[in-house]
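A.B. asks: Residue numbers (the UniProt record's numbering), protein chains in the order written: chain P, 1 to 281; chain B, 1 to 393.
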Amino acid sequence: MRFDGTKDYVATDDLKVAVNAAVTLRRPLLVKGEPGTGKTVLAHEIAKATGAPLIEWNVKSTTKAHQGLYEYDAVARLRDGQLGDERVHDISNYIRRGKLWEAFTSPDLPVLLIDEIDKADIEFPNDLLQELDRMEFHVYETKETVKAADRPIVVITSNNEKELPDAFLRRCFFHYIKFPDRETMQEIINVHFPDIQGVLVKKAMDIFYDVRDVPGLKKKPSTSELLDWLKLLLSEDMPLEVLQSQDPSKAIPPLHGALLKNEQDVMLFERLAFMAKREAR
Amino acid sequence: MFFNFMDELRAAGINASLKEHLVLLEALDKEVIRRSPVDFYYLSRATVVKDEGLLDRFDQVFSKVFKGIETSYGMEEQEIPLDWLKAVAEKFLDEEEMKKIESLGTWDEIMEALKERLEEQEKRHEGGSKWIGTGGTSPFGNSGFNPEGVRIGGEGGQKKAIKVWDKREFQNLDNTKQLGTRNIKVALRRLRKFAREGAADELDIDRTINGTAKKGWLDIHMRPERHNAVKLLLFLDVGGSMDPFIKLCEELFSAATSEFKNLEFFYFHNCVYEGVWKDNRRRFSERTNTWDILHKYGHDYKLIFVGDASMSPYEITHPGGSVEHFNEEAGVTWLQRMTNTYPATAWLNPVPEKQWGYSQSVKIVKELMNDRMYPLTLEGLGDAMKELTRKQG
Numbered sequence: 001m002r003f004d005g006t007k008d009y010v011a012t013d014d015l016k017v018a019v020n021a022a023v024t025l026r027r028p029l030l031v032k033g034e035p036g037t038g039k040t041v042l043a044h045e046i047a048k049a050t051g052a053p054l055i056e057w058n059v060k061s062t063t064k065a066h067q068g069l070y071e072y073d074a075v076a077r078l079r080d081g082q083l084g085d086e087r088v089h090d091i092s093n094y095i096r097r098g099k100l101w102e103a104f105t106s107p108d109l110p111v112l113l114i115d116e117i118d119k120a121d122i123e124f125p126n127d128l129l130q131e132l133d134r135m136e137f138h139v140y141e142t143k144e145t146v147k148a149a150d151r152p153i154v155v156i157t158s159n160n161e162k163e164l165p166d167a168f169l170r171r172c173f174f175h176y177i178k179f180p181d182r183e184t185m186q187e188i189i190n191v192h193f194p195d196i197q198g199v200l201v202k203k204a205m206d207i208f209y210d211v212r213d214v215p216g217l218k219k220k221p222s223t224s225e226l227l228d229w230l231k232l233l234l235s236e237d238m239p240l241e242v243l244q245s246q247d248p249s250k251a252i253p254p255l256h257g258a259l260l261k262n263e264q265d266v267m268l269f270e271r272l273a274f275m276a277k278r279e280a281r
Numbered sequence: 001m002f003f004n005f006m007d008e009l010r011a012a013g014i015n016a017s018l019k020e021h022l023v024l025l026e027a028l029d030k031e032v033i034r035r036s037p038v039d040f041y042y043l044s045r046a047t048v049v050k051d052e053g054l055l056d057r058f059d060q061v062f063s064k065v066f067k068g069i070e071t072s073y074g075m076e077e078q079e080i081p082l083d084w085l086k087a088v089a090e091k092f093l094d095e096e097e098m099k100k101i102e103s104l105g106t107w108d109e110i111m112e113a114l115k116e117r118l119e120e121q122e123k124r125h126e127g128g129s130k131w132i133g134t135g136g137t138s139p140f141g142n143s144g145f146n147p148e149g150v151r152i153g154g155e156g157g158q159k160k161a162i163k164v165w166d167k168r169e170f171q172n173l174d175n176t177k178q179l180g181t182r183n184i185k186v187a188l189r190r191l192r193k194f195a196r197e198g199a200a201d202e203l204d205i206d207r208t209i210n211g212t213a214k215k216g217w218l219d220i221h222m223r224p225e226r227h228n229a230v231k232l233l234l235f236l237d238v239g240g241s242m243d244p245f246i247k248l249c250e251e252l253f254s255a256a257t258s259e260f261k262n263l264e265f266f267y268f269h270n271c272v273y274e275g276v277w278k279d280n281r282r283r284f285s286e287r288t289n290t291w292d293i294l295h296k297y298g299h300d301y302k303l304i305f306v307g308d309a310s311m312s313p314y315e316i317t318h319p320g321g322s323v324e325h326f327n328e329e330a331g332v333t334w335l336q337r338m339t340n341t342y343p344a345t346a347w348l349n350p351v352p353e354k355q356w357g358y359s360q361s362v363k364i365v366k367e368l369m370n371d372r373m374y375p376l377t378l379e380g381l382g383d384a385m386k387e388l389t390r391k392q393g
């Protein structure tokens with residue numbers, strides 16, 4: 001099984017090596033990078049490329065590690081006990097399987113995506129050490145051990161809001177998706193908009209990289225924002241001249257809402273435009 | 001294999017353990033990569049580096065380890081590290097290439113030949129098929145091991161290989177660099193102590209089950225939600241020599257106020273004396289007596305000073321040394337009182353650590369703090385938080 005990117009996803013060489021290492025050795029792959037550089041999409045694409053089912057576990061600030069294994073619904077059992085329901089005698093009726101359980105027992109080898117692991121509590125990754133290392137865990141209520149027959153492919157994404165513990169990192173391969181350079185960006189755009197006009201792309205990329213270079217931006221636009229913006233430009237049928245206008249007083253790119261997500265950033269651009277206008281006089 | 005490489009990584013502060021070493025070997029064994037140095041670079045990077053802040057350092061080490069080899073058998077007569085050469089060649093050459101090279105003789109013969117050629121060789125050589133130098137099809141030297149050429153260092157020749165790590169693309173992520181608010185918040189998050197306080201609005205399942213089992217009817221128990229109960233006293237130096245660091249301190253301050261509910265902050269100038277203030281515009285009219293602070297906030301508060309500690313030594317050591325007023329007791333006395341009251345203390349200094357040695361007052365303050373002075377970088381902040389959460393003995 002080799003991952004070489006897919007027709008919808010441009011993978012750089014270093015990413016391919018990291019993915020293949022993780023797939024071959026069946027160790028978790030930890031992916032970090034600026035928001036919008038395609039961390040989550042990567043898991044989808046690995047699943048697509050290897051023909052494996054994808055199991056997604058979206059982590060939130062309230063997510064606990066054991067929720068990924070299983071949950072014992074004590075309240076439901078209490079209620080059934082009070083009502084005299086027959087089911088109450090079998091505890092396994094109240095065990096709810098989590099995503100990890102699902103992945104370990106899946107009939108086909110799955111890709112398990114643990115999305116935004118850094119959103120959870122600091123202790124969260126530590127609680128999953130053993131489970132991800134040995135790919136097994138014990139269910140205390142029913143005294144059974146759930147073990148993966150075939151170790152699933154695990155992709156973990158992080159936005160770097162919290163540091164992950166060393167012991168956890170040691171068990172992973174790591175890849176940092178850096179912001180794509182122009183060449184890679186061009187490839188990515190070609191993949192998403194096969195029939196787009198070359199001139200438009202060139203101009204749009206000029207503007208895009210200029211925007212990213214403006215010092216003091218709170219949130220730099222990233223790949224996904226560029227793609228949204230291009231989609232918008234295309235659907236609005238924006239004439240090429242608008243993008244090509246060299247008028248410095250129009251420092252704000254058209255349909256900037258797709259690129260700038262912060263009112264302070266928009267203000268910054270308006271100020272820049274104002275200053276440019278004054279200088280022109 | 002690669003012991004030297006791993007040692008260098010550890011020496012550079014990249015925490016590569018035996019585990020990573022074994023994983024790397026396992027991956028090579030299972031032929032995860034094509035046999036090319038670039039792929040090896042990518043693979044070892046994915047295996048060893050777990051923090052994008054260290055990518056730049058990894059590139060430097062990689063370049064150093066493999067460049068060092070190059071110069072040692074490239075241009076000058078030097079000891080040739082046979083083992084390494086052998087190891088690298090064995091890993092990177094596919095069978096065809098190995099055969100081609102083996103046609104030159106056994107390893108020992110090749111090495112013999114190499115030594116002879118080194119002696120014959122008088123000047124730097126490029127291209128050709130016999131001499132050692134850059135390029136060419138000779139199995140030795142920079143970009144040697146034809147036909148693909150294992151690029152071990154230098155520039156030119158086999159295009160892509162070395163450039164990848166010599167470019168050091170991840171330069172601006174090194175974590176000794178200064179930080180923005182989000183990062184500060186992350187660093188501050190280390191300083192957490194959970195406690196249950198306030199209104200009971202969460203179902204306590206364990207107690208509910210116990211209660212129900214005992215009483216025979218559904219016996220609901222509630223408990224308050226868990227939240228961060230760390231208490232923090234923040235003392236910020238303002239004015240004068242702190243002006244260049246305003247942005248940094250603002251970031252730290254805004255991150256701290258959003259992260260901690262129990263946060264009290266006060267300002268001081270250069271050194272703490274008998275009075276501090278909460279509003280810089282009214283700093284002469286509305287002062288808080290430092291004694292009051294010491295009495296009001298309990299010992300469990302954690303104390304953080306933020307300041308450059310750069311001043312005349314007299315401002316710390318002598319009564320009346322303050323630049324703004326006549327202080328009856330010396331800054332030393334006040335600093336000692338505060339550190340005695342609050343065992344968990346740290347001083348964050350925005351001045352780069354390298355420059356601390358040049359200022360006497362910094363040394364004095366550092367000593368007063370029992371060495372608990374940390375630079376205001378992501379790393380320093382992390383260390384400070386570690387110190388603050390340490391069990392105070």
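Think of the CB as a built atom: it goes at the ideal place given N, C-alpha and C, for glycine as much as any other residue. Computed from a predicted structure; not experimentally measured.
Let me see if you follow: with CB-CB separation under 8 angstroms, is B/Asn15 close to chain P or not?
C.D. replies: yes
A.B. asks: Buried or exposed: residue 339 of chain P, going by 16 or more other Cβ atoms within 10 Å of its Cβ?
C.D. replies: Lying outside 1 to 281, the shown extent of chain P, residue 339 of chain P is not represented and no answer is given.
A.B. asks: Can you give me the C-alpha to C-alpha distance between B/Val48 and P/Val191, rounded to a whole angstrom?
C.D. replies: Taking the straight line from one Cα to the other gives about 32 angstroms.
A.B. asks: Leaving aside the five residues before and after P/Glu144 along the sequence, list all residues of the same chain whose C-beta is less than 8 angstroms from its C-beta, in chain order.
C.D. replies: So the qualifying residues of the chain are His138.
A.B. asks: Taking the Cβ atom as the reference point for each residue, do P/Val59 and P/Ala22 lie within a distance shorter than 8 angstroms?
C.D. replies: no
A.B. asks: Can a CB atom of chain B be found closer than 8 angstroms to the CB of P/Gln67?
C.D. replies: Judged by the 8 angstroms Cβ criterion, P/Gln67 is not in contact with chain B.
A.B. asks: In chain order, what residues of the same chain have a beta carbon less than 7 angstroms from the beta carbon of P/Val242, not counting five sequence neighbours either side?
C.D. replies: Pro254
A.B. asks: Does chain B have any CB closer than 8 angstroms to the CB of P/Arg182?
C.D. replies: no
A.B. asks: Does DSSP classify B/Val255 as helix, strand or coil?
C.D. replies: The amino acid at residue 255 of chain B is misidentified as Val; the sequence shows Ala. Three-state result, B/Ala255: helix.
A.B. asks: Run down chain P in chain order and give the residues with a C-beta less than 9 angstroms from the C-beta of B/Glu379.
C.D. replies: What B/Glu379 touches in chain P: nothing, since even the nearest Cβ is about 11 angstroms away.
A.B. asks: According to DSSP, which residues form a beta bridge with P/Glu187?
C.D. replies: In the DSSP output, where bridge partners are listed per residue, P/Glu187 has none listed.
A.B. asks: Any chance the segment 68-83 of chain P sits against the segment 13-21 of chain P, with 3 or more Cβ pairs inside 8 angstroms?
C.D. replies: no
A.B. asks: Identify whether B/Thr345 lies in helix, strand or coil by the three-state DSSP scheme.
C.D. replies: strand
A.B. asks: If you compare alpha carbons, which of P/Leu42, P/Arg2, P/Phe269 is closest to P/Glu56?
C.D. replies: P/Leu42
A.B. asks: According to the neighbour-count rule (16 or more other Cβ atoms, all chains shown, within 10 Å of its Cβ), is B/Leu218 buried or exposed?
C.D. replies: exposed
A.B. asks: With 7 angstroms as the C-beta to C-beta threshold (strictly closer), list the residues of the segment 202-217 of chain B near chain P in chain order.
C.D. replies: Answer in chain order: Ile205, Ile209, Thr212.
A.B. asks: Is B/Thr47 close to chain P, meaning its C-beta is less than 8 angstroms from at least one C-beta of that chain?
C.D. replies: Yes, because at least one Cβ of chain P sits closer than 8 angstroms to the Cβ of B/Thr47.
A.B. asks: Unbroken alpha helix (DSSP H) runs of length 4 or more, entirely within the segment 144-232 of chain P: which are they?
C.D. replies: Listed in chain order, they are 166-170, 182-192, 198-213.
A.B. asks: Using the rule of at least 16 other Cβ atoms within 10 Å of the residue's Cβ for burial, across every protein chain shown, is B/Phe3 buried or exposed?
C.D. replies: exposed
A.B. asks: By the criterion of Cβ-Cβ separation under 7 angstroms, what are the contact partners of B/Leu55 in chain P?
C.D. replies: Tyr176
A.B. asks: Measuring only the C-alpha atoms, how far is P/Ala11 from B/Gly380?
C.D. replies: 36 angstroms
A.B. asks: Since I believe P/Val111 is in contact with P/Pro152 (beta carbons under 8 angstroms), could you give me their beta-carbon distance rounded to a whole number of angstroms?
C.D. replies: 7 angstroms
A.B. asks: Beta-carbon of B/Leu27 versus every beta-carbon of chain P: anything under 8 angstroms?
C.D. replies: Note that residue 27 of chain B is Ala in the sequence shown, not Leu. True, the Cβ-Cβ gap to chain P drops below 8 angstroms.
A.B. asks: Just mark B/Met222 as buried or exposed, buried being the case when its beta carbon has 16 or more other beta carbons within 10 Å.
C.D. replies: exposed
A.B. asks: Rank P/Leu169, P/Lys99, P/Arg170 by C-alpha distance to the C-alpha of P/Glu136 and give the top, closest one.
C.D. replies: Selection P/Leu169, P/Lys99, P/Arg170 evaluated against P/Glu136 yields P/Lys99 as nearest (Cα-Cα).
A.B. asks: B/Ile33 touches chain P at which residues, Cβ-Cβ below 7 angstroms?
C.D. replies: Val17
A.B. asks: Quick check on B/Gly275: does DSSP put it in helix, strand or coil?
C.D. replies: strand
A.B. asks: Figure out for me which residue from P/Phe193, P/Ile122, P/Leu29, P/Thr6 has the closest Cα to the Cα of P/Arg170.
C.D. replies: P/Leu29
A.B. asks: At the level of alpha carbons, what is the spacing between B/Met338 and P/Leu232?
C.D. replies: The straight-line gap from Cα to Cα measures roughly 60 angstroms.
A.B. asks: For B/Val276, which residues of its own chain have a beta-carbon under 8 angstroms away from its beta-carbon, when the five flanking residues on both sides are left out?
C.D. replies: Phe235, Phe266, Tyr267, Phe268, Arg287, Thr288, Thr290, Ile293
A.B. asks: Examine chain P for any beta-carbon lying closer than 8 angstroms to the beta-carbon of B/Glu20, and answer yes or no.
C.D. replies: Taking Cβ atoms only, chain P reaches closer than 8 angstroms to B/Glu20, which makes this a yes.
A.B. asks: Between the C-alpha atoms of B/Ala11 and B/Phe62, what's the straight-line distance to the nearest angstrom?
C.D. replies: 12 angstroms
A.B. asks: Quick check: is the beta carbon of P/Ala74 nearer than 8 angstroms to any beta carbon in chain B?
C.D. replies: yes
A.B. asks: Identify which residue in B/Asp308, B/Ser254, B/Glu225 has its Cα closest to the Cα of B/Gly239.
C.D. replies: B/Asp308
A.B. asks: Taking P/Phe173 as the query, report the chain B residues whose CB atoms sit under 7 angstroms from its CB, ordered along the chain.
C.D. replies: Ala46, Thr47
A.B. asks: Return the Cβ separation of B/Asn340 and B/Glu274 in integer angstroms, given the expectation that the two are a contact with Cβ distance under 8 angstroms.
C.D. replies: Their Cβ separation, rounded to whole angstroms, is 16 angstroms, which puts B/Asn340 and B/Glu274 out of contact at 8 angstroms.
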